[in-house]
Each structure stands twice: as structure tokens, then as C-alpha cells.
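For the sequence shown, the UniProt record's numbering assigns the number 1 to the initial residue and increments by one for each residue that follows. Working notes for the structure below.
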Amino acid sequence: MNESELDRYSRQLLLPNFDIQGQLNLTQAKILIIGLGGLGNIAATYLATSGVGKLVLADGDQLECSNLPRQVLYAEHQLGLNKVDAAAAQIALKNSAVQVEVIAQKLADDSLLCAVEQADVVLDCTDNFTARQVINRACLSLKKPLVSAAAIRWEGQLVSFLYHQQSTPCYECLYPSLSDQQLSCNESGIIAPVVGLLGVYQALEALKLASGCGKVKHGVLRLFDGLEGSWREMRLSQDPECSACSLENS
């Protein structure tokens, strides 16, 4: 690390369980963020400013005015741009040393598998169950750690799956089959700080995984109630009839 980097990341380097090795691990890490909305824009910001070496940003949507209250990485003059391009431009202003690769389309099939295979950590920041199930299966099959979050109304949830260590339980054990309409901000609304909080937690989990510092729990669901300001935690168990991880272990 050069003198400028030592100065920039000095507060992280002071952490006894992080130190220079943790920072070096971060600079060598490649993190895939799927979805650059309320969750992904926050996670990307903290990962970039913390010194992750390469971020891959995947999203096929354009920035709309209604996104701005919770997608605080973006600026008004970027309305109409692809979110990944807008995010890359803002990240460059915050930390020019971070390599950013943009994928301005929805990842699916071979493109998803290729992106997941090349990543060290995957963040699922999408807003529908169909996408989450597909991402889950890709990470499960390729043994990549997955950090998934969701937020709606005043509530949020976070769960990490360390598929490089164990295969069960998986995301589909938690949600085997649900309609996308059951988790729509367009229909149900969302308060901005809740989704921001979950994005911060995703970044924290990813930083611990990428640096090799700190503990990340496999298959532990954390539920946040914004109105009460409270957290609940529950450990997931494998669904023996899960169509994803039961096949993986058969």
C-alpha cells in the first residue's frame, strides 16, 4: 500500500482484527451487486469508499424522479440515465481507484452464471422474488457467498448464505414460491431510511466476507421493524422438499 492509501484507509487499518491484511484483501476482491436501486446504491457507495478493488454493477433500469428519495448516490441531473452508468460516475467521484464494471441489462441465464462465477461475493439487491430465486440458484451451484436483503413499507430483512462453506439452507427454503406482487414498493410503498439501513448492512456483510475479518452467519434471517426500531433474528433450517438445495445435495 502506498502512503496515500495508508492515509485514506487509516481508520480501518487501526482495527486490530482488520489491519493492513484486511485492507489488502479488500483491494483484491471483486464484488457483484445485482440491482442498483434502494439497496444497491447504498451498498455500492460504502463498498467503494471502503476500498474494494472491483465492483460489478448490474441493472437494466433507468433513473427516475421517484427513485431519488432513497437512492441517494444519484443526482437530479442524472435522471434518465442507466442506473449503472449513473452509479459508476458517482463512484468515480468518491474513489477513483475502484474499478467499476457496468452491466446495463438484467442478468439471466449464461450472463448471470458468468458474472457470479467471476465474483468473490454476490449482493442480491433486486426487488422481486423471481430474480432472487434465480440468483440464489446461481450462487448455490457455483458455491459463491450470497448476501440478500429486501425492504418494504417500514420493514426490512437480511440474510447471508455462505455457499462456499455449506449448501443448506438456501433462499428457496425461506421463500419457495411467492408472487412478485407481494413485495412491490410501487404498490405498498417504502420509507427511505429503512432500505438505506439494509443496504448498509449488506455492505457490512460483504466487507467482512471480502476482507476475511469478522463473523458472517450462514442462513440466519434478520428482520427489522422500522416503526419499533427493533430487530429479530431466526436461524433457518433446510426444507427437505426445497427444489434448489435438496437437489444440490442429492
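Backbone N, C-alpha and C fix where the C-beta goes; we use that ideal spot for every residue, glycine too. In this text, all values refer to a predicted model and were calculated from it rather than measured experimentally.
key: Contacts around G40, its chain only, beta-carbon distance under 6 angstroms, and the 5 residues preceding and following it disregarded   = Here residue 40 refers to the residue found at position 40 of the sequence shown. For G40, where only same-chain residues beyond five positions count, the Cβ hits under 6 angstroms are I33, C125.
query = Is S160 closer than 7 angstroms to L26 when the C-beta atoms are compared?
reply = By 1-based counting over the sequence shown, the position of residue 26 is 26. By 1-based counting over the sequence shown, the position of residue 160 is 160. Not closer than 7 angstroms, so no.
task = Measure the CB-CB distance between S167 and C242 and report whether it falls below 7 angstroms.
result = The residue given as residue 167 occupies position 167 in the sequence shown. The residue given as residue 242 occupies position 242 in the sequence shown. Not a contact, by the Cβ cut-off of 7 angstroms.
task = Compute the Euclidean distance between the alpha carbons of E3 and K144, then round it to the nearest angstrom.
result = Taking the sequence shown and counting its residues from 1, the one referred to as residue 3 is at position 3. Taking the sequence shown and counting its residues from 1, the one referred to as residue 144 is at position 144. Distance between the alpha carbons of E3 and K144 is about 33 angstroms.
ask   = Skipping 5 residues on each side, what residues in its chain have a beta carbon closer than 8 angstroms to that of S179?
value = By 1-based counting over the sequence shown, the position of residue 179 is 179. The predicted model places S179 with a pLDDT of 47, which falls under 50 and marks its position as unreliable; any figure quoted below should be read in that light. Correct list, in chain order: F129.
query = Taking E233 as the reference, which of G53, L112, Q157, H164 has the closest Cα?
reply = On the sequence shown, position 233 is the one that residue 233 refers to. It is Q157 whose Cα lies nearest to the Cα of E233.
task = Provide the residue span of the alpha helix (DSSP H) that contains S10, from first to last.
result = Along the sequence shown, one-based indexing puts residue 10 at 10. Segment 10-13, the alpha helix (DSSP H) holding S10.
query = For A86, which residues of its own chain have a beta-carbon under 6 angstroms away from its beta-carbon, when the five flanking residues on both sides are left out?
reply = By one-based count along the sequence shown, residue 86 stands at place 86. These residues qualify, in order along the chain: L63, Y74, Q78.
inquiry  = I'd like to know whether the C-beta atoms of R70 and V195 end up nearer to each other than 7 angstroms.
reply    = Here residue 70 refers to the residue found at position 70 when the sequence shown is read from its first residue. Here residue 195 refers to the residue found at position 195 when the sequence shown is read from its first residue. Going by C-beta atoms, R70 is nearer than 7 angstroms to V195.
inquiry  = The alpha helix (DSSP H) that contains S177, what's its start and end?
reply    = For this step, residue 177 is matched to residue 177 along the sequence shown. Neither: S177 is in no alpha helix (DSSP H) and is coded neither H nor E.
ask   = From K83 to V72, what distance separates their C-alpha atoms?
value = Residue mapping note: residue 83 aligns to position 83 of the sequence shown, counting from 1. Residue mapping note: residue 72 aligns to position 72 of the sequence shown, counting from 1. Distance between the alpha carbons of K83 and V72: 12 angstroms.
ask   = Which one or two residues does DSSP pair with M1 in a beta bridge?
value = Numbered from 1 along the sequence shown, position 1 holds the residue referred to as residue 1. Looking at the DSSP assignment, M1 forms no beta bridge with any residue, so it has no partner.
task = Just list the beta strand (DSSP E) runs in the region 24-99, keeping only unbroken ones of 3 residues or longer that don't cross its boundaries, in chain order.
result = 30-34, 54-58
key: Boundaries (first-last residue) of the beta strand (DSSP E) holding A203   = What you label residue 203 is simply residue 203 of the sequence shown in a count that begins at 1. Run containing A203: none in the beta strand (DSSP E); it sits in the alpha helix (DSSP H), 192-211.
inquiry  = Here's the rule: buried if 16 or more other CB atoms are within 10 angstroms of the residue's CB, otherwise exposed. What is D127?
reply    = Numbered from its first residue, the sequence shown carries residue 127 at position 127. Buried.
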